[in-house]
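In this text, residue positions in the sequence shown follow the working numbering: the first is 5, and each later residue adds one.
Note that CB positions come from ideal geometry on N, CA and C, so glycine has one too.
Structure first, commentary second.
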Amino acid sequence: MKTIAVSGKGGTGKTTLAALIIHWIKENRTQSILAVDADSNVNLNDLLGVPIKDTVGAIREEMRKSVNNIPGGMTKQQFLEYKIQSSLVESPDFDLIAMGRPEGPGCYCYANNLLREILQALGENYEFVVIDNEAGMEHLSRRTTQTIDYLLIVSDPSPRGVHAAGRISNILEELDTRVKKKYLILNRVQNQPSEAVSCAIEEAGLTLLEAIPEDPALLTMDRNGNPVSSASEEFPAYRAVSHFMDKLKL
Ligand SMILES: Nc1ncnc2c1ncn2[C@@H]1O[C@H](COP(=O)(O)OP(=O)(O)O)[C@@H](O)[C@H]1O
Ligand SMILES: [Mg+2]
């Protein structure tokens, strides 16, 4: 199993890139893919062109409310497993699971721990796991136990954006060390990244994997509500995704 997690500030293009990565894997590899929407504002499924059934958060909530209401003969674990399995969106090209709302202030640790175990076991059935993250990084470690092979931090091409990416990278390092490789991706680049941006990247100690161009075709796709499966090598942004995915030699 190879896990790729996409993170970064809101609006930098995380969901778009996660969807394009999934599209690339589907087009270039014959391996199985699990797409994980870890943003509570669930929308990866829209870009992938599939409907969502249920979220892990909703399942946890239901479990919390009906602890004594588990169908006869089932343990809590079996019940959760069953619910997660039936919330999985299965498509010919990938499966998708949506995390939904994060847990509230009252810790429901028992279910959370069970969920983590179940999700971990689920991920192991796939050759690729691609995670679209929420802007904050903390719950990435709370909600998953998987090792992340590639963490891609997305930023706009501005020094401020790159500094924010550097902070995300540092927070993650403090929180946890399960990330094997970490790269910066600049998105919506017009012309070349500026000198100031190159300096900021160096200051932040980040490694630039790719500069993805501003792509009007993506905007049109978004505006028309079309899924990323309509993206082709004619899309400059998709060509850039192909370029870095080749470089990663997955
Ligand atoms: N390279 C790009 N060129 C043009 N538009 C882009 C590009 N990347 C993302 N966008 C657009 O930016 C907006 C935000 O992208 P999104 O993937 O939803 O960001 P995030 O998930 O980080 O909040 C969307 O309208 C998307 O179509
Ligand atoms: Mg998003």
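beta-carbon residue i near ligand 2 non-hydrogen atom, thresh 7 Å
{"i": "T19", "result": "yes"}
{"i": "D43", "result": "yes"}
{"i": "N47", "result": "yes"}
{"i": "D250", "result": "no"}
{"i": "D160", "result": "no"}
{"i": "D226", "result": "no"}
Local Cβ density within 10 Å of residue i, reported as buried at 16 or more and exposed below that
{"i": "A125", "result": "exposed"}
{"i": "G170", "result": "buried"}
{"i": "R227", "result": "exposed"}
{"i": "T224", "result": "exposed"}
{"i": "D136", "result": "buried"}
{"i": "T7", "result": "buried"}
{"i": "R164", "result": "exposed"}
{"i": "P86", "result": "The amino acid at residue 86 is misidentified as Pro; the sequence shows Tyr. Burial call: exposed."}
{"i": "H247", "result": "exposed"}
For residue j and residue i, believed in contact at Cβ under 8 Å, the rounded distance
{"i": "P240", "j": "V201", "result": "That pair is no contact at about 19 Å."}
{"i": "K186", "j": "S198", "result": "Not really, about 23 Å apart at Cβ, beyond 8 Å."}
{"i": "I54", "j": "S91", "result": "The sequence shown places Val at residue 54, not Ile. About 13 Å; that fails the 8 Å criterion."}
{"i": "I37", "j": "I88", "result": "At roughly 17 Å, the Cβ-Cβ gap does not stay under 8 Å, so I37 and I88 are not in contact."}
{"i": "I25", "j": "V183", "result": "Incorrect: roughly 17 Å between the Cβ atoms, too far for contact."}
{"i": "G61", "j": "M103", "result": "6 Å"}
Residue i and residue j closer than 8 Å at C-beta
{"i": "K3", "j": "A235", "result": "Lying before the first or after the last residue shown, residue 3 is absent from the chain, which here runs from 5 to 254."}
{"i": "A42", "j": "E128", "result": "no"}
{"i": "I189", "j": "V158", "result": "yes"}
{"i": "Y130", "j": "L252", "result": "no"}
{"i": "V10", "j": "L222", "result": "no"}
{"i": "P231", "j": "L51", "result": "yes"}
{"i": "L84", "j": "I101", "result": "no"}
Ligand 1 heavy atom lying under 7 Å from the CB of residue i
{"i": "G14", "result": "yes"}
{"i": "A9", "result": "no"}
{"i": "L52", "result": "no"}
{"i": "R171", "result": "no"}
Closer than 7 Å: residue i CB and nearest ligand 4 heavy atom
{"i": "N230", "result": "Absence of ligand 4 is noted for the structure shown, with ligand 1 and ligand 2 being the only ligands found."}
Cβ pair count under 8 Å reaching 3, the stretch 41 to 56 against the stretch 17 to 25: yes
Would you be able to state if there are at least three C-beta pairs under 8 Å between the stretch 59 to 76 and the stretch 22 to 36? no
Three or more C-beta pairs below 8 Å linking the stretch 214 to 231 and the stretch 192 to 206: yes
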